[in-house]
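Peer 1:
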Amino acid sequence: MMELTLWLAIAAVFILLFLSGFFSGSETALTAASRARIHQLEKTGDGKAQTVSRLISSRERLIGALLLGNNLVNILASALATSVFLTLFGQAGVAFATLVMTALVVVFAEVLPKTWAISNPERFALAVAPVVNVIVAVFGPVVIGVEAIVRVMLRLVGVNVGEDASILSAHEELRGAVDLQHKEGGLVKAERDRLGGVLDLAELEVSDVMVHRTNMVALNTEEDLPKLIEQALSSPYTRLPLWRGESDNFVGVLHAKDLLRALHAAGGDFSKIDLLQIATPPWFVPDTTSLQDQLNAFLRHKAHFALVVDEYGEVMGLVTLEDILEEIVGEIADEHDVELEGVRPQADGSVIVDGSVPIRDLNRATDWRLPDDEATTIAGLVIHEARMIPEERQIFTFYGFRFTVLRREKNRITRLRIMPLGQKPNLLAAGAAQTPPPPTVPASKT
1 MMELTLWLAI AAVFILLFLS GFFSGSETAL TAASRARIHQ LEKTGDGKAQ TVSRLISSRE
61 RLIGALLLGN NLVNILASAL ATSVFLTLFG QAGVAFATLV MTALVVVFAE VLPKTWAISN
121 PERFALAVAP VVNVIVAVFG PVVIGVEAIV RVMLRLVGVN VGEDASILSA HEELRGAVDL
181 QHKEGGLVKA ERDRLGGVLD LAELEVSDVM VHRTNMVALN TEEDLPKLIE QALSSPYTRL
241 PLWRGESDNF VGVLHAKDLL RALHAAGGDF SKIDLLQIAT PPWFVPDTTS LQDQLNAFLR
301 HKAHFALVVD EYGEVMGLVT LEDILEEIVG EIADEHDVEL EGVRPQADGS VIVDGSVPIR
361 DLNRATDWRL PDDEATTIAG LVIHEARMIP EERQIFTFYG FRFTVLRREK NRITRLRIMP
421 LGQKPNLLAA GAAQTPPPPT VPASKT
C-alpha cells in the first residue's frame, strides 16, 4: 500500500509539472502573440482567434489567472516531491527534493515550454486559448480580489495604475515594430523610411518641409509680359506664384498648362494675354499646420500648391503636394527637376553638406539620427547649438559629430563638413581638411 501511494505521488508530481509548463507556455504565447495577426484571423471568423483577442484585451486578468494556476501547481508539486523524498531518504530528502524539483521546474516547467511558445506564439496561443479561457473564468473572482489589493497597495506608494493604462500609443508601437523589423532584416532601409514617413505626417508641420521664401521662384506681374512668359516657360516648375508691388504681396498662382492654353487661344499674341485672369487665387495656410492635415486639405480642395504664412501673416515659403509625398516615398525627380547635390560623401568618411539641406533629408541619406526638433536645416542646427553665427573654419562637436563651417555668406552658413566622431579623418582625402585648424575653437557641446 505504501509503494502504491509513493508511485501515485510521483505520478502526480509529473502531472503537476506538465500543468506548470502549460501555464508558463500559455502566458508567454498570449503575451507575445501579435495582436495584428490575431485581429486578421479574427476578421476571417476564426473562433479561437476571437477567444485569444478577448483574453489579450483583459491582459491583467489573464496574467493573474495564469500566475495563480502556475503557483498552485508548483507549490503542490514541491510539497508532494518533498513528501516522497522524505519517505525515501529521511531528513536528507528535503535537500534532495529542493535540488531535483528546482531542476525539473526550470527545465520542463519554464524554459522548455516558454521556448516552444515563443518560437510560434500565435499558433501556440490559438491552441491553448479554449482551455485558458475556462481557467480565467474559474479563477476570475480570486484574480479580481488580488487586482484590487495590488491597486490599493500601489496607490499607497504613489503609483496609480489606470484601468486602461497604455504606455505606448498606436503610432509608437507601429514605429517600434518597423524599427525592429529593419534591425532584424525584415525591412530594407527604403521600406523603413517610407513607413516611418507615413507615421511622421501627424508630427511634422508644413514649415518643416516647405520651400523657404529665399528659394522660391516667383514672377513679378509688373514686368514686361514677354519676359514673364519666357521666365514661366523656362522654369522647371509647373506652378509659379505671382506678386505685384511688393515681393510679399502675392496675387495669384500661374499654372504652366493654363499659360499654354492662353497662348494657343491668342494665336501666340502676347498682348492678348492677362496673367492675372488665367491665374488662380493664392491659397494661404498657417506654418503650424501638420502635414497630415495639409495632405487631407490638398486632397479635399483638389489642389497641389499653397503659400505658407506665419502668425503675423507674412509669407514664409510654399508647400506642395509633392513636398508632402516626398516625406513618405523619398525624393521624387522628373525630367524637369534641377538636380542639387546638397549632400556629398567624402573618401575620409565625412560628408560635405549645403547649409540649406533639411536635417530629415540628411538623416535619410546617411541613416544618421540628428535631431530636427529645434531646427529644420543643418545650418539651423549648428546655429542653434552654437548659440551664435559661426565664422568660417570654426569647429563644433555635438550629437556624436564634428561640424566644420566651410563657407559662410553674410549671416548664412552655406556649406559644412560633418564627420562622425567614430571615424578618424584622412587629411589627404579631404581638401578642406588640409588647412591647419583655426587658432580658436569654441568649446565642444555634447
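With full-length UniProt numbering, the residue at position 277 of the sequence shown is 277, and numbering never jumps. Just so it is clear, CB atoms sit at the ideal spot from N, CA and C, and this is done for glycine as well. Predicted model only: the values in this text are computed from it and were never measured.
Could you check where the beta strand (DSSP E) with residue 501 kicks off and where it finishes?
Peer 2: Past the boundaries of the shown model lies residue 501; the chain is included only from 1 to 446, so the question cannot be answered.
Peer 1: From glycine 69 to alanine 109, what distance separates their C-alpha atoms?
Peer 2: Here residue 69 refers to the residue found at position 69 when the sequence shown is read from its first residue. Here residue 109 refers to the residue found at position 109 when the sequence shown is read from its first residue. Glycine 69 and alanine 109 have their alpha carbons spaced roughly 13 angstroms apart.
Peer 1: Flag this pair as yes or no: are the beta carbons of asparagine 133 and leucine 55 separated by less than 8 angstroms?
Peer 2: Mapped onto the sequence shown, residue 133 falls at position 133. Mapped onto the sequence shown, residue 55 falls at position 55. Contact flag set, yes.
Peer 1: Take the Cβ of serine 24 as the centre, count every other Cβ of all protein chains shown within 10 Å, and call the residue buried at 16 or more, exposed below.
Peer 2: Residue 24 sits at position 24 when you count from the first residue of the sequence shown. Answer is buried; the Cβ neighbour count reaches 16.
Peer 1: May I ask you to verify whether the region 224–234 touches the region 263–275, counting CB pairs closer than 8 angstroms and requiring at least 3?
Peer 2: yes
Peer 1: DSSP state of leucine 4, grouped into three classes?
Peer 2: Position 4 of the sequence shown, counted from the start, is the residue given in the question as residue 4. Of the three classes helix, strand and coil, the one that applies to leucine 4 here is helix, per DSSP.
Peer 1: What does the alpha-carbon distance come out to for the pair asparagine 249 and serine 207?
Peer 2: Numbered from 1 along the sequence shown, position 249 holds the residue referred to as residue 249. Numbered from 1 along the sequence shown, position 207 holds the residue referred to as residue 207. Whole-angstrom Cα-Cα distance: 20 angstroms.
Peer 1: Per the DSSP calculation, glutamate 223 is bridged to which residue(s)?
Peer 2: If you number the sequence shown from 1, residue 223 lands on position 223. In DSSP, glutamate 223 forms no bridge with anything.
Peer 1: CA-CA distance, serine 119 and glutamine 292?
Peer 2: As a first step, residue 119 must be located in the sequence shown, where it is residue number 119. As a first step, residue 292 must be located in the sequence shown, where it is residue number 292. Those two C-alpha atoms are separated by around 38 angstroms.
Peer 1: Taking C-beta to C-beta, are glycine 197 and glutamate 327 nearer than 8 angstroms?
Peer 2: Indexing the sequence shown from 1 puts residue 197 at position 197. Indexing the sequence shown from 1 puts residue 327 at position 327. Cβ atoms of glycine 197 and glutamate 327: closer than 8 angstroms.
Peer 1: Cα-Cα, which of Tyr237, Ile389, Met210 is closest to aspartate 310?
Peer 2: Mapped onto the sequence shown, residue 310 falls at position 310. That would be Met210, whose Cα lies nearest to the Cα of aspartate 310.
Peer 1: What three-state label does DSSP hand methionine 419 in the structure shown?
Peer 2: Reading the sequence shown from its first residue, position 419 is the one you call residue 419. Residue state, collapsed to three classes: strand.
Peer 1: Measuring CA to CA, which of Pro236, Thr280, Leu233 is closest to leucine 242?
Peer 2: On the sequence shown, position 242 is the one that residue 242 refers to. The residue with the shortest Cα to Cα distance from leucine 242 is Thr280.
Peer 1: Should methionine 101 go down as buried or exposed, given a rule of 16 or more other Cβ atoms within 10 Å for buried?
Peer 2: To locate residue 101, count along the sequence shown from 1; it is residue 101. That one is buried.
Peer 1: Starting from proline 345 and walking both ways along the beta strand (DSSP E), at which residues does that stretch end?
Peer 2: Position 345 of the sequence shown, counted from the first residue, corresponds to residue 345. Element bounds for proline 345: 343–345.
Peer 1: Considering only residues of the same chain and omitting the five flanking positions on each side of alanine 256, which have a CB-CB separation below 6 angstroms?
Peer 2: In the sequence shown, the residue the question calls residue 256 occupies position 256. Correct list, in chain order: Thr238.
Peer 1: Over what stretch of residues does the beta strand (DSSP E) that includes alanine 306 continue unbroken?
Peer 2: Along the sequence shown, one-based indexing puts residue 306 at 306. Per DSSP, alanine 306 belongs to the beta strand (DSSP E) from 305–309.
Peer 1: Any contact of the region 89–99 with the region 114–130, i.e. 3+ C-beta pairs under 8 angstroms?
Peer 2: no
Peer 1: Would the region 141–157 and the region 58–78 be scored as touching if the rule is three or more Cβ pairs under 8 angstroms?
Peer 2: yes
Peer 1: Is the number of C-beta pairs between the region 404–420 and the region 343–357 that are closer than 8 angstroms three or more?
Peer 2: yes
Peer 1: Within the continuous beta strand (DSSP E) that includes glutamate 409, where are the two ends?
Peer 2: Counting from 1 along the sequence shown, the entry for residue 409 is found at position 409. Taken as a continuous stretch (DSSP letters only), the beta strand (DSSP E) holding glutamate 409 covers 401–409.
Peer 1: What whole-angstrom Cβ distance do phenylalanine 401 and leucine 381 have, given they're in contact under 8 angstroms?
Peer 2: Taking the sequence shown and counting its residues from 1, the one referred to as residue 401 is at position 401. Taking the sequence shown and counting its residues from 1, the one referred to as residue 381 is at position 381. Not quite, the Cβ-Cβ distance comes to about 10 angstroms (not below 8 angstroms), so this is no contact.
Peer 1: Can you look up isoleucine 273 in the DSSP assignment and give me helix, strand or coil?
Peer 2: Sequence index remark: in the sequence shown, residue 273 carries index 273 (1-based). Correct three-state label for isoleucine 273: coil.
Peer 1: Less than 8 angstroms between the CB atoms is what I'm expecting for alanine 218 and serine 290, so what's the real figure, rounded?
Peer 2: Locating residue 218 in the sequence shown gives position 218, counting from the first residue. Locating residue 290 in the sequence shown gives position 290, counting from the first residue. Actually they are not in contact, since the Cβ atoms of alanine 218 and serine 290 sit about 26 angstroms apart, beyond 8 angstroms.
Peer 1: By the three-class DSSP mapping on this structure, what secondary structure does methionine 316 have?
Peer 2: Within the sequence shown, the letter at position 316 stands for residue 316. It is a strand residue.
Peer 1: Let me make sure I understand the geometry here. Which of Arg344, Leu260, Pro236, Leu8 has the alpha-carbon closest to that of threonine 366?
Peer 2: Along the sequence shown, read from residue 1 onward, the residue named residue 366 stands at position 366. It is Arg344 whose Cα lies nearest to the Cα of threonine 366.
Peer 1: Among Leu260, Leu370, Ala103, Arg213, which one has its Cα closest to the Cα of serine 234?
Peer 2: Your numbering for residue 234 matches position 234 in the sequence shown. It is Leu260.
Peer 1: Are the beta-carbon atoms of glutamate 391 and arginine 407 separated by less than 8 angstroms?
Peer 2: For the purposes of this step, residue 391 is taken as the residue at position 391 of the sequence shown. For the purposes of this step, residue 407 is taken as the residue at position 407 of the sequence shown. No; because the gap between Cβ atoms is not below 8 angstroms, this pair is not in contact.
Peer 1: Could you compute how far the alpha carbon of histidine 301 sits from the alpha carbon of leucine 321?
Peer 2: Along the sequence shown, read from residue 1 onward, the residue named residue 301 stands at position 301. Along the sequence shown, read from residue 1 onward, the residue named residue 321 stands at position 321. Computed Cα separation, rounded: 12 angstroms.
Peer 1: Need the endpoints of the alpha helix (DSSP H) that leucine 62 sits in, please.
Peer 2: For the purposes of this step, residue 62 is identified with residue 62 of the sequence shown, where counting begins at 1. Residues 59–89.
Peer 1: Who are aspartate 354's beta bridge partners in DSSP?
Peer 2: Here residue 354 refers to the residue found at position 354 of the sequence shown. Residue pairing from DSSP places aspartate 354 in a beta bridge opposite Arg415.
Peer 1: Is it a yes or a no for the region 32–45 touching the region 80–94, going by three-plus beta-carbon pairs under 8 angstroms?
Peer 2: no
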